[in-house]
Amino acid sequence: MTEIAGKTAFITGGASGIGFAIANALAKRGANIMLADINQAALETAKAHFADMNVGVDTILCDVAKPEDMQRAAQATLDRFGKVHLVVNNAGVGLGGEPGKIKMQDWRWIVDINLMGVVHGVEFFVPHIQSHGEGGHIVNVASMAGHGALAGMAPYHATKFAVVGYSEALKLELMPHKIGVSILCPGWVKTAIHESASRRPSGNVDMDAAENLIMKQVIESGLPPERVAEWTADCVEADRTYIFTHPEMRIGIDMRYALLKEDYSATAAHPDFAVAQDG
Ligand SMILES: NC(=O)c1ccc[n+]([C@@H]2O[C@H](COP(=O)([O-])OP(=O)(O)OC[C@H]3O[C@@H](n4cnc5c(N)ncnc54)[C@H](O)[C@@H]3O)[C@@H](O)[C@H]2O)c1
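My numbering applies: residue 39 is where the sequence shown begins, and numbers increase by one.
This is how it looks when you write it as structure tokens:
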């Protein structure tokens, strides 16, 4: 059980979308909130939303891809609230494209935000959580795209699979320190994420207008971020490892594990490997 009331939460990409909704859910349960984002105007709008809530709320401009920004954000959170207990590494962007056509600078851009942004949040905040000894919780935002792949979104899948693997290892590392780790794995959620790829450094367009429209429609038919956020807060309190939000997508997980087991069985059934196991 991870307590939320009276604790301090740091949330990246907290000015809008899923991050903002999680901040709201945590504030409703009594947590102080530090919102971090690259969008100053959205941060100010978000902060105003909390004005009537009986919790402390502050904001910081922070690009999760930059370690120096995250270090500054960690210090600012301590200066403002004294301690930090919950870290939600949520900021993320989308990027697709065909192999052989994706610009290297765009690959680095998505890895720096979606993977290294999570790593920076862990590296710069965990020592502060450990130092007060009261325990805490980290939520790393992955995706169903971290559990199964579709064609056309390889860079996004690569970063989200990485976040899942990293977080599984992190959970084992942090357990003795009373710091829980949860991995949020939503399917489609109604946010502005489909617009993020337009900010890639190359400006290269990987989708034509029709594909873009389909992506927009899929995202807009997604779950309300508020529902994802309330369930996330429930799962933090319950110290759940995986936070799944789309029961109908379970088939993707079943298919992936069926394939893994089938190919593992093929190896185990091969005489060379059977001999190696006996020996
Ligand atoms: N929307 C979905 O369908 C969906 C599904 C699964 C997982 N996710 C994941 O949820 C997370 C949040 O996405 P969202 O859908 O709310 O997107 P969003 O684009 O609506 O919100 C993302 C927020 O992160 C901020 N941000 C972007 N780059 C940043 C950076 N470098 N540093 C700090 N802040 C930055 C943006 O300004 C924005 O406020 C992402 O990690 C995304 O991959 C989203």
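Note that beta-carbon positions come from the ideal geometry of N, C-alpha and C, so glycine has one too.
Quick check: does the Cβ of residue i come within less than 7 Å of any heavy atom belonging to ligand 1?
| i | result |
| --- | --- |
| residue 54 | yes |
| residue 226 | yes |
| residue 77 | yes |
| residue 181 | yes |
| residue 200 | no |
| residue 115 | no |
| residue 231 | yes |
| residue 234 | yes |
| residue 152 | yes |
| residue 128 | yes |
| residue 96 | no |
| residue 257 | yes |
| residue 273 | no |
| residue 40 | no |
| residue 149 | no |
| residue 260 | yes |
| residue 101 | yes |
| residue 50 | yes |
Expressed to the nearest angstrom, what Euclidean distance is found between the alpha-carbon atoms of residue i and residue j?
| i | j | result |
| --- | --- | --- |
| residue 271 | residue 230 | 22 Å |
| residue 299 | residue 87 | 49 Å |
| residue 76 | residue 305 | 48 Å |
| residue 85 | residue 179 | 22 Å |
| residue 144 | residue 235 | 9 Å |
| residue 47 | residue 82 | 18 Å |
| residue 256 | residue 226 | 7 Å |
| residue 119 | residue 287 | 39 Å |
| residue 317 | residue 302 | At residue 317 the pLDDT is 45, less than 50, meaning the model places this residue with poor confidence; the figure from the coordinates comes in the next sentence. C-alpha separation (whole angstroms): 19 Å. |
| residue 161 | residue 223 | 22 Å |
| residue 200 | residue 212 | 18 Å |
| residue 203 | residue 93 | 34 Å |
| residue 133 | residue 67 | 34 Å |
| residue 158 | residue 150 | 10 Å |
| residue 188 | residue 101 | 28 Å |
| residue 109 | residue 52 | 17 Å |
| residue 259 | residue 206 | 30 Å |
| residue 112 | residue 163 | 6 Å |
| residue 79 | residue 154 | 24 Å |
Let's see if you can read the secondary structure: which residues bound the beta strand (DSSP E) around residue i?
| i | result |
| --- | --- |
| residue 220 | 217-223 |
| residue 272 | Residue 272 -> not in any beta strand (DSSP E); alpha helix (DSSP H) instead, spanning 263-275. |
| residue 242 | Neither: residue 242 is in no beta strand (DSSP E) and is coded neither H nor E. |
| residue 127 | 124-127 |
DSSP puts residue i in a beta bridge; with which residues?
| i | result |
| --- | --- |
| residue 280 | 221 |
| residue 98 | 74 |
| residue 227 | 261 |
So the alpha helix (DSSP H) residue i belongs to, where does it begin and stop?
| i | result |
| --- | --- |
| residue 107 | 105-119 |
| residue 292 | 288-307 |
- Uninterrupted beta strand (DSSP E) stretches inside the region 165-191 (no shorter than 3 residues): 174-179
- Minimum length 4: unbroken alpha helix (DSSP H) runs contained in the region 134-165: 142-148
- Considering only residues of the region 44-75, which uninterrupted beta strand (DSSP E) runs meet the minimum length of 3 residues and lie entirely inside it, listed in chain order? 46-50, 70-75
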